[in-house]
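Input: a single structure, listed below in structure tokens.
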Amino acid sequence: MSNAPATTPLSPQYDPTSTEANLYREWLDAGIFTADPGSSRRSGGKRESFVIVMPPPNVTAVLHMGHGLNNTVQDVLIRWRRMCGDEALWVPGTDHAGIATQNVVEKQIAAEGQTRFDMGREAFVARTTEFVTETGGTILEQLKAIGSSCDWSRTAYTLSPELSKAVREAFVQLHERGLIYRGHRVIHWCSRCLTSLSDEEAEHSEETGALYHVSYPLTNGSGSITIATTRPETMLADVAVAVHPDDDRYKHLIGKTLTLPIANVEIPIIADLEGVDPAFGTGAVKITPAHDANDFEMGTRHKLPMPVILSPEGTMANGVDAGSRVPAELLGADRFEARERVVQMLKHLGALVKIDPHTHAVRHCYRCDTVVEPRLSDQWFVKMKPLAEPALQAVRDRKIRILPERWEAVYINWLEGIRDWNISRQLWWGHRIPVWYCDACAHVTVSRDDIVNCPKCGGQARQDEDVLDTWFSSWLWPFSTLGWPDKGSVDLKAFYPTDDLVTAPEILFFWVARMVMGGFAFMDEAPFHTVYLHGTVRDMKHVKMSKSLGNGIDPLDVINLFGTDALRYTVIAGLGMGADVMLDPTDLEKSFAPGRNFVTKLWNIGRFLLANVGEETVQPLSAISVDRLRRSDRWILNCLNEAIRECDAALGPARPRDGVWTETELKSGLRLSEYTEAARRFVWNDLADWYLESTKSRLASTGDDRDVARSVLAHCFDAALRLLQPVVPFITDSLWRRLPVAIENRDAFIARAPWPVGNEAFGVEQEFELVRETINAVRQLRADYSLPPGERIRAHLDFGA
RNA sequence: GGGCGAGUAGCUCAGUUGGUUAGAGCGCCUGCCUUACACGCAGGAUGUCGGGGGUUCGAGUCCCUCCUCGCUCACCA
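Numbering of the first sequence is given in the numbering used here, commencing with residue 839 and proceeding in unit increments.
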């Protein structure tokens, strides 16, 4: 790449498609996105490190506007810091996305008339591996199309051998510390995915259902108790009815027994202080320990049996401890069908008292939307309270800031009430749990390495069938991608902790909070100091864009139509702090007009400048003494200083000065739309509309004043391009490399050029404002009198006596 | 049900510690193909700043209340 200005004039129209791909290839060939650990101050180098780890898209993902927004934001920050002289590293990668990917492949083989069980585990995993290998690179290739300046040599994948090693290390360490345990309890069960889910994976949604009032007769025939339930089919698994010990309606019945209708089982009436609210329903609660988390607690307290009456598939079945509670005619019925039939049966028995409409929150599987069933089962859990403490403290102490600030309260609230994390999934796609069981001596081995024989008795060891929650690998991402658990890793030393984490609020708990906990648990340090939660891309009706709803915009379509820079500029300029971005999928022309117009404007300023400033090298501004400058020169240089100030204020500071965010710092920075607007205002409203117009006659003349104008013009445009490089990297590079500015040691690429710095040496210029005001007044008069711009004023104006 | 946030021009949003005629982009209206740009230039219109009450010399900006949306958490069967 030559530094010499191109000799061919710029084409009248900027053509993004023919330039972007070539430029990106040049950048990659020159290695300008590759980070050097040796340059990081932490490794004895001279630069601050600035690191962002990309939220890894699902390995099967196809680029959508959400990715477009998320990655453009990260790229703007990385490009900004790179120009500021930091050793900038942006780590890309993909997530194997356990349950999501498994669902996709299961759908594929279902279309072939098969289930994963028909195929067998090994074949299914092989098939899935093949599938992700095929699609795996797509999303990353697409990220290149939007200009992402990632260090592709460090591309990571959560299911790679390296990261799998990290996952095992994390599991074993936590187990050694007593923070991982096997628990027998009620968990959320998805009967379609056939796996347990964590609390976060079972999403609440309000639904209008019914509250069924059912009468349970006393065994001695002296009356009955009416209970209320939203899930009547679960009554077959009832083991008791609980009342409040002080409830006068039921006090005298405590200790007596009821006969459970349909199941015909005798169950006790018990007193429970915590589990019963006498004011709700009838004040009497049926206890179903195997199918309700709350009832499980009560069942445990009172040492009650826990019969299971639902199969993994969600059909009625006499499971563990159920005896013959489920009558033959209901066996095999789907739970919702069973609900209807149980209600009918109760009606026939005269046990159904009434049905009230009732709205309540029902949990759904976050991947397939199936109603989740609470179900008793054995799972692996992580004890979260001890891990949450430092994560809470870090935000309270301002070592980590979360923007917009209101999310801090959400984060703190969640961590304060955190519950243990169910990490085992009954899936096949993922990291298999590193636990082996010995059938001979019942010894349980938790191991970093695969084992074949029981270390205790030498018998055959059998690995746990389950895999880990996909988020169990994600929460290690900021350090597993840098080489952990190898603590001698060069990258880990140079680049951990990272700086900003940029993502959407949806995964604050799934991912962000857990990464903070993971950072402290395994690295004794927060993984980043800033969490930037940006908005969601929505359509004009404020509906989140999604492929299934058909209201999405394909970023690649936009790139083909208007270019990458237009896409990037539009989303960044429209991105208020924490605000959603609204785009119209039915009118791309209109939606991306801000970006397209701006890119065109830049191009035309460049055309004018190159045609009028000429190709001979211009003097650097430092070679021009202040007395040679005109008012307009000093004015535009003032404007530039102001623009740089505004951009800096909107973007920074990049990191807390002393490791802790001060009150002022906390509220500063990451105002990407403000930064973009400040740069736009300078280059368009100040430079193009006023200064450039004012230089036209000077440029047409000859002599010293012409050189001054050429120099100031080139200087200002050069600075403007550098200010804008993070947002619109392609067009700024195209133009910048053609600028006839003499700069020593000038880098071939604007992405590596220094970030502009203000220069106060020219003094403050205020008189030019008078000129502008005068011109404005004249323009207003001309408009008022409808004088066309080209028409000269012949008649003298009579202002009256 | 708990917590949080928002309601400012037709649309999306800025409005810093309360202080002169409330701003930007897009849209709209008028006039211009002025030799960089009509994806442009110049000019212009539009807001009882959600309703009501209060504090103050003065409030979009502080307090109370109500209404409407949104987010988030939640074992009331």
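Glycine is no exception: its CB is placed at the ideal position from the N, C-alpha and C atoms.
| Item | Value |
| --- | --- |
| To the nearest whole angstrom, what separates the beta carbons of I1105 and L1098, a pair I think is in contact under 8 Å? | 5 Å |
| Determine the contact status of V1103 and R1163, defining contact as a CB-CB distance below 8 Å. | yes |
| Quick check: the region 997-1010 against the region 1266-1275, are at least 3 beta-carbon pairs closer than 8 Å? | yes |
| Going by the CB atoms, is the gap between A1351 and F1358 shorter than 8 Å? | no |
| Tell me where the beta strand (DSSP E) around T1064 begins and ends. | 1062-1067 |
| Is DSSP giving R1179 helix, strand or coil here? | helix |
| Using a Cβ-Cβ cut-off of 6 Å (strictly less than) and excluding sequence neighbours within five positions of I1443, which residues of its own chain qualify? | A1526 |
| Could you give the first and the last residue of the continuous alpha helix (DSSP H) run that contains A1299? | Here A1299 belongs to no alpha helix (DSSP H); instead the beta strand (DSSP E) covers 1299-1301. |
| If we ignore side chains and look at the alpha-carbon of each, how far apart do G883 and L1577 end up? | 32 Å |
| Touch check for the region 920-930 and the region 1411-1428: three-plus C-beta pairs under 8 Å? | no |
| Evaluate V1595 with the Cβ neighbour count: other Cβ atoms within 10 Å of its Cβ, from every protein chain shown; 16 or more gives buried, anything less gives exposed. | exposed |
| At which residue ranges does the region 1184-1266 contain complete beta strand (DSSP E) runs of 3 or more residues, listed in the order of the chain? | 1190-1203, 1211-1220, 1239-1241 |
| Do you know offhand how far T845's Cα is from I1397's? | Residue placement at T845 is flagged as unreliable, the pLDDT there being 48, under the threshold of 50; a coordinate-derived value is accordingly withheld. |
| For Y1088, which residues in the same chain have their Cβ closer than 8 Å to its Cβ, ignoring the five residues on either side in sequence? | I1063, V1081, H1082, I1107, G1121, A1122 |
| Skipping 5 residues on each side, what residues in its chain have a beta carbon closer than 7 Å to that of V963? | W1266, W1267 |
| Using 8 Å for Cβ pairs, my map puts T932 next to V897. What's the rounded Cβ distance? | 4 Å |
| Leaving out five residues on either side along the sequence, give the residues of the same chain with a beta carbon under 8 Å from the beta carbon of K1221. | G1016, L1017, I1018, Y1019, D1258 |
| Would you mind sorting R1495 into buried or exposed? The rule is 16 or more other CB atoms within 10 Å of its CB. | exposed |
| Cβ atoms of Q980 and V1340: under 8 Å apart, would you say? | no |
| Quick one: residues in its chain with C-beta nearer than 7 Å to the C-beta of C1477, no 5 flanking neighbours on either side, listed in chain order? | F1520, D1524 |
| Classify F1118: buried if its beta carbon has 16 or more other beta carbons within 10 angstroms, exposed otherwise. | exposed |
| Determine, using beta carbons only, whether L1306 and F1317 come nearer to each other than 8 Å. | no |
| Measure the beta-carbon distance from R1483 to M1420 and round it to whole angstroms, keeping in mind my assumption that it falls under 8 Å. | Contact flag wrong, Cβ pair sits at about 30 Å. |
| Looking at the structure shown, is C1477 part of a helix, part of a strand, or coil, going by DSSP? | helix |
| Do H902 and K1223 have their CB atoms nearer than 8 Å? | no |
| Give the DSSP bridge partners of P1165, in chain order. | DSSP output for P1165 lists no bridge partner at all. |
| Roughly how many whole angstroms lie between the Cα atoms of R1179 and L1074? | 12 Å |
| Note down the Cα distance separating R1239 from R917, rounded to an integer number of angstroms. | 22 Å |
| What do you get for E950, buried or exposed, if any count of 16 or more other CB atoms within 10 angstroms of its CB means buried? | exposed |
| Please specify which runs of the alpha helix (DSSP H), each continuous and at least 4 residues long, are wholly inside the region 1070-1139, giving them in chain order. | 1131-1139 |
| Straight-line CA distance for L1001 to F969? | 20 Å |
| So, with DSSP's three-state summary, where would you put M1154? | strand |
| Which whole-angstrom value is the C-beta distance of I977 and G906, which I expect to be below 8 Å? | The pair is not a contact, with the Cβ atoms about 11 Å apart (cut-off 8 Å). |
| For E1045, does the three-state DSSP call read helix, strand or coil? | strand |
| With DSSP as the reference, label I1462 as helix, strand or coil. | coil |
| Quick check: D1403 and G1433, are their CB atoms within less than 8 Å of each other? | yes |
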